[in-house]
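Report on the structure given below.
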């Protein structure tokens, strides 16, 4: 929506906006000020380094590999240290964490590769591919944590700026808004009103232009788009 509004010359055949949400971070993220900010505002304890290391290990496992020595080393070094003053980077050296080549090969042949093949051909679909997509989403979390630590307390642009851009400059001729029945965070209906205002502005300059704006309401909630197809249309 923002790209179409701020860069109207960008080629765009159509837009499909699913579960559109345009709220301040305090309203969109439950307990942001009470829990998220105090928990993640300390860089030394916010856990973003551990999250990244854990995601890297999980990604290699999901691809049917035994995690590399480097990935395991970074994960272990990222763990909280219960003893103050002890530097895990000096204690955990690469040689200490290295998995012997014969053991790595055995684990690959008899555990990780067979498990990967079985999960890839599971009746419910390619499970490793779904897990990798989930990890791609999870990869964004450490970045958000670091932004909170750096002082971020709201989205950029702000909700008011987003609304203003939509009403004033949205120029896509075909737009589909998809919302879900049990989604308390959805703002698609409000956006539909803004886009109709934008259509009126556009038609004052180009009266003959045709605009196709539709809003569809489906069963589900705000997390439904993350779950993938369920067999329906």
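In the numbering used here, the protein residues as written are 13 to 245.
Cβ atoms here follow ideal geometry from the backbone N, Cα and C, with glycine treated the same way.
- Between residue 167 and residue 145, the alpha-carbon positions lie close to 24 Å from each other.
- When the five nearest sequence neighbours on each side are left out, the beta carbons in the same chain lying within less than 8 Å of the beta carbon of residue 75 are those of 128, 140, 144, in order along the chain.
- Inter-residue distance for residue 69 and residue 160 is about 24 Å (C-alpha atoms, whole angstroms).
- Within 10 angstroms of the beta-carbon of residue 112 lie fewer than 16 other beta-carbons, which makes it exposed.
- For the pair of segments examined, the region 176-191 was found to touch the region 18-32: the number of CB pairs separated by less than 8 Å reaches three.
- Contact between the region 162-182 and the region 217-229 is absent: fewer than 3 CB-CB pairs across the two stretches fall below 8 Å.
- With a beta-carbon spacing of about 7 Å, residue 225 and residue 211 fall inside the 8 Å limit used to define contacts.
- Excluding residues up to 5 positions away in sequence, 61, 62, 65 lie with their Cβ nearer than 6 Å to the Cβ of residue 90 in the same chain.
- In the DSSP assignment, residue 192 forms a beta bridge with 230.
- Around residue 191, the same chain offers 198, 200, 229 as residues with beta carbons nearer than 6 Å, after the five sequence neighbours per side are excluded.
- For residue 177, the uninterrupted alpha helix (DSSP H) segment begins and ends at 171-181.
- Excluding sequence positions up to five before and after residue 83, its CB lies within less than 8 Å of the CB of 65, 68, 69, 72, all in the same chain and listed in chain order.
- C-alpha of residue 30 to C-alpha of residue 104: approximately 46 Å in a straight line.
- Each of 227, 209, 207, 195 was checked against the Cα of residue 235, and the nearest Cα belongs to 195.
- Judged by beta-carbon spacing, residue 177 lies within the 8 Å limit of residue 14, meaning their Cβ atoms are closer than that value.
- Under the three-state reduction of DSSP output, residue 186 falls in the strand class.
- Per DSSP, residue 91 lies in no alpha helix (DSSP H) segment and is marked neither H nor E.
- C-alpha of residue 47 to C-alpha of residue 154: approximately 16 Å in a straight line.
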